[in-house]
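Numbering (our numbering), first residue to last: 65 to 281. Glycine included, C-beta positions come from ideal geometry on N, C-alpha and C. A quick note: this is a predicted structure, and the numbers were derived from the prediction, not measured. In what follows, a single structure is set out as structure tokens and then discussed.
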């Protein structure tokens, strides 16, 4: 199999379940001559350094994601928007190798179209969405003005990640607990997924290296 890297070999070999499904998706993607990479702890495929498609797995399905999937023609309406806040990415979901083989020709067609979109330099017109601040965060601001200053000093992306993290909790007590738990992180100027232990090899993002600080890690 051409154009493969050992990180993806290891990732697929250690995946249970979905090992066969991920291997089949990888095989189909590699037929397109995209460059294999390993990003965000999952196989990612690029063209001239630009992300085009990504393979991922979840509890109930595995999927092939298209970074500019919203621009793809989808006559059979197979592409799925993963979360209401996702604007550009669209995914194809699978639960078996049989499913993947059934749509193999469509997968190849979508990949080739995704390559053409990237080569043409097409951009997804993103709509900036302002997320309201949870009441629990506003209360924490009133109690700790330093927290408010630190929060607004973060990049807009880091702010949104925190707001989504807080708002995802259904109970007010849980939302406040989440605010309290990450307050030290915000005061340090760190994002929700940033490294705070200094051991990450993928700075500024956390790559899980902090686990070696734990007993038995």
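Between the C-alpha atoms of residue i and residue j, what's the straight-line distance to the nearest angstrom?
i, j, result
"residue 132", "residue 207", "42 Å"
"residue 205", "residue 244", "11 Å"
"residue 172", "residue 112", "19 Å"
"residue 80", "residue 221", "32 Å"
"residue 139", "residue 102", "31 Å"
"residue 253", "residue 259", "11 Å"
"residue 166", "residue 226", "40 Å"
"residue 153", "residue 195", "20 Å"
"residue 199", "residue 241", "13 Å"
"residue 160", "residue 68", "23 Å"
"residue 189", "residue 237", "37 Å"
"residue 123", "residue 74", "19 Å"
"residue 110", "residue 184", "15 Å"
"residue 248", "residue 214", "10 Å"
"residue 106", "residue 168", "21 Å"
"residue 77", "residue 218", "38 Å"
"residue 235", "residue 177", "43 Å"
"residue 209", "residue 216", "11 Å"
"residue 70", "residue 104", "15 Å"
"residue 162", "residue 125", "13 Å"
Looking only at DSSP bridge pairs, what is residue i linked to?
i, result
"residue 107", "102"
"residue 129", "118, 155"
"residue 64", "In the structure as shown, the chain begins at 65 and stops at 281. Residue 64 is therefore absent and cannot be evaluated."
"residue 144", "155"
Is the CB-CB distance between residue i and residue j below 8 Å?
i, j, result
"residue 98", "residue 135", "no"
"residue 233", "residue 239", "yes"
"residue 137", "residue 182", "no"
"residue 100", "residue 72", "yes"
"residue 108", "residue 157", "no"
"residue 83", "residue 164", "no"
"residue 211", "residue 250", "yes"
"residue 117", "residue 175", "yes"
"residue 119", "residue 142", "no"
"residue 231", "residue 179", "no"
"residue 170", "residue 129", "no"
"residue 229", "residue 197", "no"
For this session: Tell me, please, whether the segment 90–110 touches the segment 136–150 by the rule of three or more beta-carbon pairs shorter than 8 Å.
Result: no
Exercise. Unbroken alpha helix (DSSP H) runs of length 4 or more, entirely within the segment 175–231: which are they?
Worked result: 199–207, 209–217, 220–231
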